[in-house]
Structures are given as structure tokens and as C-alpha cells.
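**Student:** Residue numbers (my numbering), protein chains in the order written: chain H, 9 to 353; chain Y, 540 to 898.
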Amino acid sequence: MPDDNDTLLDVRDLKTHFFTDEGVVKAVDGVNLSLKRGQTLCVVGESGCGKSVTARSILRIVPAPGRIVSGEISFRGRHGDRIDLARMNPRGRDIRNIRGREISMIFQEPMSSLSPVHTIGSQLMEAILLHLPVSKGEARKRAVSLLDLVGIPRASEQLDAYSFELSGGMRQRAMIAIALACEPQLLIADEPTTALDVTTQANILDLIRELQEDSGMSVLFITHDLSVVAEIADEVVVMYLGRDVESGDVDTIFHNPKHPYTRALLQSIPRYDSLAGERLYSLKGTVPHPFSRPAGCPFHPRCDDVIAGQCNTNDPQRYSISAGHSVRCLLYAAEENRSVVDTPA
Amino acid sequence: MDFEINPPSESSRPLLEVRNLHMRFPIKRGMFRRTVGFVKAVNDVSFSIRLGETLSLVGESGCGKTTTGRCIVRVYSPSAGSIQYQADEGESVDLAQLDSRALRPYRRQIRMIFQDPFSSLNPRLPILQIVGESLKVHGIASGSELEDRVALLLERVGLRPEYIRRYPHAFSGGERQRIGIARALALNPKLIVADEAVSALDVSVQAQILNLMQDLQEEFNLTYLFIAHDLSVVEHISHRVAVMYVGKIVELASTDALFSKPLHPYTEALLSAVPKPDPRLRNSGARIRLEGEVADPSNPPSGCYFHPRCPYAQDRCRHEEPAAREIRHDHWVACHFAEELELRGFEAIGSSPRMGQAR
């Protein structure tokens, strides 16, 4: 396991299952990711692939009846100590000192994640007063400068505004201000631009990038939009049915993708240089219901390169293609000198 | 504003011709609900759709694209303007003037597909009734004949006919959107208004639905009014594109012309904001950052509605509203300086290797 000082977050073989009355939903079933300081890691996948549950597992805010079954979430704290978030009591004092202070999160729908009955200012100051030893007056000053930082005009007036008085883009900026209130080391952004128009989305992505350059924080960015990934990611993890099917740096993922699923996703984006009337590549079938996960490789029923007799029985491990590029696919198991990325049992 | 695009060479007559369409919603205040103003959701919009083509309406939320679509299917009664529809018998009718009884025959020919496949299907009805309802209402089929027709429709949109008695909850988002398409197809329509029909879908499912819509267009010579905000989808599916801003069409052109040589600063800004699906093209052109917010349609700015956010705005833009002009053949734009400005279109990215195919 990489224990260099650069790695801020290292998730190993994370499994988060939901124990419902109808059965167990393996929402996250073996995810590995590693995020360096100052970098942006994008987790990309279609709805139901477990990307949001992965993010929530890190902050330990997985709703019941879900819980982390196994795995390790190693996080390097402010004082250089390594802590395993997966072992923490989700209601305990320790994790609450991390939430909002060391790791913050912004969500897709700023309207439903901001309180409609508190002003933007009071929500911002709440976060500051909870974690930092400052007076109310200082907290207010800090709140104004935060709103200023995220580009909200007339910051001192907007402190007393309610969330419904702001436009979608401004609300998302206010959310980011709250998330940044205590200068976290890690910002988890769960589809923060999905509900926004393209022009607003471009502004928010620029904002996140600028803030990151200034503060050196790391960003874990959850999205389904591959174009957004191309825009902001350093590293990418592609997920399918709770698994990390492929991970690598952004250029490798877009220009040398190995997993059939990654390739299919990339080919189904409408491209500007496509010929008129050209058909898009489309994956056959749909994502299976979580109760009927296919045996073997979960992607094999939809895969064009399926190896009969193997993919439907053997569960692929993570095979290393090159440094930092690994793929879970049996197509790459047979090739010589292929080392298996070790995963603790 | 007049977006009459109807050169005799392209097609004899358009299927639908919208002229000076207005849709105002009153703002009511106080105890007696007095009308204190109007939201001009659609403000003097004109365009035409030719038989068999796909025209897209694009713009940011609140620009009036959905309201325009709903006026055409007559969910709303337009405040002013005309919607000339070319009926079967060669005569043309103004849909804006018809009452609900007179509209009935045309409701069969103009159908709608909605954005959210979860809220647009009644959860208490089986697929047979959802898809077959319109056939029944219009007295076209009933009983076992109805079942056969619905089964055929399901098959055509790529669903198993055995699903006919299932309820919507048993289907995924993409399958529900197929059901919505089958429902729209049931009465052999000529024009389909697709309001953000693929926006809620995952990219792989989106590709399936876009392909299906293109196949159906070829097979049945359908005409689409495609309302969307995702410009890469619009580029893929449309023949012509109209860009809307605060209730007005600011630019209308063929897809190629609009994406490669936009003439309106707003179009340029929209195009530059679209993230490109290739990390090597990151920062490949300075993005145009629009300052401020979309104007309030109940209290729009003077002159050109876009001038407070326009990087090229001059004094004239503040006072004089630009009229729509045909600057190039079939390329209409409402901007005073369209001839002078050198605007950037989408960079040609055809040179980069096609992604996803290398192994």
C-alpha cells in the first residue's frame, strides 16, 4: 500500500451493502481508488453503478440499511497521521471532526441540500463556528470573504439572503462556500453541475479548479458526464455495478481505454465530427437490476468481447496494464507478464 | 422578427410555420389577484419546420423553448401569433385559433415525448392502456385489435410485446422512454415534439434512444421539433438549430453552419461552454465567460436582451432591438453586428484519434 506523504486518500476494496427486506444490494462491491494531494479524481459511471454510495461511504453518511461491510478508507489527517475512516463509528465524535473540517461535500441539488429556513450566512457561519475557535463577529467576516471568493456579487448583502432567492448557479456557489468554510483537504463533489446549464456549469468548473489551485485541496468528483471528466480530471475511475472496472490517468482512459465498458461509454457520446445521420454506438441491454447481478464479470451479458465459458464464471481481478492503469477484464488476464494488482482478501 | 425560411428549392411548403408567436403568463399579486405584469415566456418567435426534418430549439433554462413546444401541441393557448400547420388535404390550418373540439383531428398528428420518463407515465395503468389509450379515444381500435397494435408498437420501439400487461415501475428509465415513444407513435403522427427526451438518460441509454428516434424518422418520415439543452446531442440529431434567449430566437441556421460559423455572440458563448469529451482539447481555446445572469423575462433589458452579458456590446445594442436578418443563405441572426464580428465556432476535432476504439 502506498504510504507516501502525497497520497491523501486511499480506498481499498471497499464494500458497502444495503440489507433490505428483499435481499442484499451490493451497491459498492470492491472499489479501489487513490487520490494524491492537489489532484482531481473523477469517479464516472451510469446511474446505479455505486459512485454516489462510494462518496458517501468515505464521509460515513451512507443511509440505513446500508453499511460498510469490508475494506479500508485510509485518510491522511491534518497532522500527518493515517486514519481508517471505515473503522470509525459513523455517529462518533471522531468522524464529526472530519466532516466539514477535513472532508467536505457538495451535492447535485443545491436547492434541497441548503436549508430553506436559514439564511446563507447562518448556514455558512454554522460550519465555521462548529470547527474553528473564532468569535461570531470573526465568523461573519470570514463568511463574507468566502462568498466573495466563490464569486457571489454583493457578498455582505447576500449573507442575509435565503437559498430560494438565489439562482441555481449562485446556490451552487453558496454550497461551495459552505464546503470550503474550514479549508478542507478533500472536497467531494457529487454531480455538482448536473442540474445546471452549460454556461453555469463551465463557470462552476472553473471556480472549483481555481480554488483548488489556490488552496491545494484534493477533489473527488463524481459524475456521469464524460465530457466533464475530460475537462477536469487528473485521474479517472470508471465504475460499473459497484466495481471499479478501469482506472488510470485521464489521458489513458480517453485515448487508450482497455475495458470494453469504458470503450462503449466513450463511443456512445455524440461527437462533433460524426457524419450526418451516423448511428451512435450503443451498448446492448440495460444495467441489470441490483438483485440479479450476473455471475462472473458483472458486465459480461452486455459485452461484445465476451469470452464464452470464462466471463460468465470467473470474476476478473484488477490486472495492471501499466503503472497507474489497471483494468478488471479477463481479456487482459491471458497476456504474459501481467501482474495482478494486489487486493487484500 | 421574421424567421421565414422557405426557399422553393429546399421544400415546397413547410409542415409547420410559426409566425410571431407570443406567450405571456400574468403575474398576480395581492388579495384580489390583480395582474401586475407579464412573464413574456415566448416573445415574437417565428420559424418553420420542413417535412421530415429535425429542428432543434436550444437555450438555457427559462429561455422559453419548452413553452414554445407546448404552444405548438396546444397545451397552452398562445397569447398572439399563428401556428400554420399543413394538414393532410393540402390546406393549412392555424392551430393557434382552434378550440379544443376543432383541434381533435390535429392532436393525432402532433404528439409529444416528455423529459422525465418517471412522471410522464401513469403508474396505475398497464402499458397496454398507456400506449393504447389514444387509439381507444380516437376510436381506432379496441379489444384484441388494440392489443395487437400495442404489441406491434412495443416491438417497433424495442420492447418485448409480452410486457403489455406490466406497469411502468417494472421498467428502467430507458425502457420507459421507449414506452413514451410508443405512445407518441400510436396514432401515426407527422410531427413529434420531443421535450428534453434524452436529458434524463445515461449516456449509453441516450445513444440507444437517439438511434431509435433516427430510425423511426426514416421509417415513417417523421418531423421532429427537438427541444434540448445538450448541444452535443443537438448537433448529432438536428438538421437545423434555433438558439433561444429570453423568449426570442437569436439565431437560426443549419446545424453545420451554426456550429462551425455562429453569427450571434450568445451562440458563440454557448458553444464555448460545452466541455469537449477529450482531455487533450482542454483549454484549447479561451472559454467565453458570460457575466451576470439570464435576464428576467418579466422585465427584460432595453435594446438587445443579450447586451448586458455580451462581450461585444456597443451603445447601439442598449437602445435598439436588433431585427432578425438573413445574413447568409438560410442563416438568420438577430444581432446588429453580425457581419462585423469574427466569432469562433466549434473547433474541428476530427483530427484527434477517435476515442474508445483503440485497444
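We treat Cβ as the ideally placed atom computed from N, Cα and C, and that holds for glycine. Computed from a prediction, not measured in an experiment: that's the story for all the values here.
Here's the rule I'm using: 16 or more other beta-carbon atoms within 10 Å means buried, otherwise exposed. How should V61 of chain H be labelled?
**Tutor:** In the first sequence, residue 61 of chain H corresponds to position 53, counting from 1. Answer is buried; the Cβ neighbour count reaches 16.
**Student:** At 3 residues or longer, and completely inside the region 699-764 of chain Y: list those beta strand (DSSP E) runs for me, N to C.
**Tutor:** 730-734, all fully within the region 699-764 of chain Y.
**Student:** Which bits of chain H does R821 of chain Y rub up against, with CB to CB less than 8 Å?
**Tutor:** Within the second sequence, the letter at position 282 stands for residue 821 of chain Y. Here the neighbours are A238, E239.
**Student:** Helix, strand or coil for E549 of chain Y? Go by DSSP, reduced to three states.
**Tutor:** As a first step, residue 549 of chain Y is located in the second sequence; it is residue number 10 there, counting from the start. In this prediction, E549 of chain Y scores a pLDDT of 49, lower than 50, which makes its location untrustworthy; no coordinate-derived value is stated.
**Student:** DSSP three-state call for S226 of chain H: helix, strand or coil?
**Tutor:** Here the question's residue 226 of chain H lines up with position 218 in the first sequence. DSSP places S226 of chain H in strand when its eight states are reduced to three.
**Student:** Do the region 28-47 of chain H and the region 87-97 of chain H touch if we need at least three Cβ pairs shorter than 8 Å?
**Tutor:** No, the region 28-47 of chain H does not touch the region 87-97 of chain H.
**Student:** Using a threshold of 8 Å, state whether the C-beta atoms of M783 of chain Y and G598 of chain Y are closer than that.
**Tutor:** Residue mapping note: residue 783 of chain Y aligns to position 244 of the second sequence, counting from 1. Residue mapping note: residue 598 of chain Y aligns to position 59 of the second sequence, counting from 1. Yes, the pair counts as a contact, with Cβ atoms nearer than the cut-off.
**Student:** Could you tell me how far apart the beta carbons of M247 of chain H and R179 of chain H are, in whole angstroms, since I believe they sit closer than 8 Å?
**Tutor:** Along the first sequence, read from residue 1 onward, the residue named residue 247 of chain H stands at position 239. Along the first sequence, read from residue 1 onward, the residue named residue 179 of chain H stands at position 171. With a Cβ gap of about 28 Å, M247 of chain H and R179 of chain H do not count as contacting.
**Student:** Among residues of its own chain, excluding the 5 on either side of I669 of chain Y, which ones have a beta-carbon nearer than 8 Å to its beta-carbon?
**Tutor:** Start at 1 with the first residue of the second sequence, and residue 669 of chain Y comes out as number 130. Cβ within range, chain order: L660, N661, P707, I718, R722.
**Student:** Counting only beta-carbon separations shorter than 8 Å, does N750 of chain Y have a partner in chain H?
**Tutor:** What you label residue 750 of chain Y is simply residue 211 of the second sequence in a count that begins at 1. N750 of chain Y counts as touching chain H.
**Student:** Quick one: which chain Y residues come within Cβ less than 9 Å of E243 of chain H?
**Tutor:** The residue given as residue 243 of chain H occupies position 235 in the first sequence. Residues of chain Y passing the Cβ test: none, with the nearest at roughly 11 Å.
**Student:** Using only CA atoms, which one of H:Q47, H:T48, H:G74 lies nearest to G58 of chain H?
**Tutor:** Taking the first residue of the first sequence as 1, we reach residue 58 of chain H at position 50. When each option's Cα is compared against that of G58 of chain H, the closest is H:G74.
**Student:** Assuming T207 of chain H and A792 of chain Y make a contact with CB atoms under 8 Å, what is their CB distance in whole Å?
**Tutor:** Sequence index remark: in the first sequence, residue 207 of chain H carries index 199 (1-based). Sequence index remark: in the second sequence, residue 792 of chain Y carries index 253 (1-based). About 20 Å; that fails the 8 Å criterion.
**Student:** For Q116 of chain H and S123 of chain H, which I take to be in contact (beta-carbon distance under 8 Å), what is that distance rounded to the nearest angstrom?
**Tutor:** As a working note, residue 116 of chain H is residue 108 in the first sequence. As a working note, residue 123 of chain H is residue 115 in the first sequence. 17 Å between Cβ atoms; not a contact.
**Student:** What first and last residue would you give for the alpha helix (DSSP H) that runs through I106 of chain H?
**Tutor:** In the first sequence, the residue the question calls residue 106 of chain H occupies position 98. Run containing I106 of chain H: 101-106, per the alpha helix (DSSP H) assignment.
**Student:** Please list the terminal residues of the continuous beta strand (DSSP E) segment that includes V255 of chain H.
**Tutor:** The sequence position of residue 255 of chain H within the first sequence is 247, counting from 1. First, the residue type needs correcting, since residue 255 of chain H is Ser and not Val in the sequence shown. Here the beta strand (DSSP E) through S255 of chain H covers 251-257.
**Student:** Who pairs with S811 of chain Y in a beta bridge, going by DSSP?
**Tutor:** Reading the second sequence from its first residue, position 272 is the one you call residue 811 of chain Y. None; S811 of chain Y has no bridge partner.
**Student:** Along chain Y, which residues have their Cβ under 8 Å away from the Cβ of D259 of chain H?
**Tutor:** For the purposes of this step, residue 259 of chain H is taken as residue 251 along the first sequence, with counting starting at 1. In chain order: P818, R819.
**Student:** Assign R573 of chain Y to one of two classes, buried (16 or more other C-beta atoms within 10 Å of its C-beta) or exposed (fewer than that).
**Tutor:** Numbered from its first residue, the second sequence carries residue 573 of chain Y at position 34. Burial call: exposed.
**Student:** Could you please give the first and the last residue of the uninterrupted alpha helix (DSSP H) stretch that includes K23 of chain H?
**Tutor:** One-based indexing of the first sequence puts residue 23 of chain H at position 15. Careful: K23 of chain H lies outside any alpha helix (DSSP H), inside the beta strand (DSSP E) at 15-28.
**Student:** Going by the beta-carbon positions, is the gap between H803 of chain Y and E790 of chain Y smaller than 8 Å?
**Tutor:** Position 264 of the second sequence, counted from the start, is the residue given in the question as residue 803 of chain Y. Position 251 of the second sequence, counted from the start, is the residue given in the question as residue 790 of chain Y. Yes.
**Student:** Under a three-way DSSP split, which group does T231 of chain H fall into?
**Tutor:** Taking the first residue of the first sequence as position 1, residue 231 of chain H is located at position 223. Reduced to three states, the DSSP call for T231 of chain H is strand.
**Student:** What are the start and end residues of the alpha helix (DSSP H) that includes H858 of chain Y?
**Tutor:** As a working mapping, residue 858 of chain Y is identified with position 319 in the second sequence. Per DSSP, H858 of chain Y belongs to the alpha helix (DSSP H) from 854-858.
**Student:** What does the alpha-carbon distance come out to for the pair A852 of chain Y and E832 of chain Y?
**Tutor:** As a working mapping, residue 852 of chain Y is identified with position 313 in the second sequence. As a working mapping, residue 832 of chain Y is identified with position 293 in the second sequence. Each residue's alpha carbon lies about 16 Å from the other.
**Student:** Quick one, which of H:E286, H:A303, H:S300, H:C311 has its alpha-carbon nearest R271 of chain H's?
**Tutor:** Position 263 of the first sequence, counted from the start, is the residue given in the question as residue 271 of chain H. Answer by Cα proximity: H:C311.
**Student:** Apply the 10 Å Cβ neighbour rule to P892 of chain Y and answer buried if 16 or more other Cβ atoms are within range, or exposed otherwise.
**Tutor:** If you number the second sequence from 1, residue 892 of chain Y lands on position 353. With a pLDDT of 39 at P892 of chain Y, under the threshold of 50, the predicted position of this residue should be treated as unreliable, though the coordinate-derived value follows. It counts as exposed.
**Student:** Taking the DSSP output, what are the residues bridged to I649 of chain Y?
**Tutor:** Start at 1 with the first residue of the second sequence, and residue 649 of chain Y comes out as number 110. BP columns for I649 of chain Y point to Y:L730.
**Student:** Answer yes or no: does any C-beta atom of chain Y fall closer than 8 Å to that of S375 of chain H?
**Tutor:** Look at the range of chain H in this structure, 9 to 353, and you will see that residue 375 of chain H is not part of it.
**Student:** Do you know how far the Cα of G671 of chain Y is from the Cα of G678 of chain Y?
**Tutor:** Locating residue 678 of chain Y in the second sequence gives position 139, counting from the first residue. Locating residue 671 of chain Y in the second sequence gives position 132, counting from the first residue. Taking the straight line from one Cα to the other gives about 11 Å.
**Student:** Measure the C-alpha to C-alpha separation of L764 of chain Y and R589 of chain Y and round it to an integer number of angstroms.
**Tutor:** Your numbering for residue 764 of chain Y matches position 225 in the second sequence. Your numbering for residue 589 of chain Y matches position 50 in the second sequence. The alpha-carbon atoms of L764 of chain Y and R589 of chain Y are separated by roughly 10 Å.
**Student:** Counting only beta-carbon atoms, is L273 of chain H nearer than 8 Å to chain Y?
**Tutor:** Sequence index remark: in the first sequence, residue 273 of chain H carries index 265 (1-based). It does: the Cβ of L273 of chain H has a partner Cβ on chain Y nearer than 8 Å.
**Student:** Report yes or no: is there a C-beta of chain H within less than 8 Å of the C-beta of G591 of chain Y?
**Tutor:** As a position in the second sequence, residue 591 of chain Y is number 52, starting the count at 1. Not closer than 8 Å to any Cβ of chain H, the Cβ of G591 of chain Y fails to qualify, so no.
**Student:** Would T24 of chain H pass as a contact of I76 of chain H if the rule is Cβ separation under 8 Å?
**Tutor:** Taking the first residue of the first sequence as 1, we reach residue 24 of chain H at position 16. Taking the first residue of the first sequence as 1, we reach residue 76 of chain H at position 68. Yes, Cβ-Cβ distance for T24 of chain H and I76 of chain H is below 8 Å.
**Student:** Tell me C50 of chain H's beta-bridge partners as DSSP assigns them.
**Tutor:** In the first sequence, the residue the question calls residue 50 of chain H occupies position 42. For C50 of chain H, which the question treats as bridged, DSSP gives the partners H:F229, H:V244.
**Student:** Three-state secondary structure (DSSP) at D92 of chain H?
**Tutor:** Taking the first residue of the first sequence as 1, we reach residue 92 of chain H at position 84. Residue state, collapsed to three classes: strand.
**Student:** Please list the residues of the region 218-236 of chain H that have a C-beta atom closer than 9 Å to any C-beta atom in chain Y, keeping them in chain order.
**Tutor:** Residues H232, D233, L234, S235, V236.
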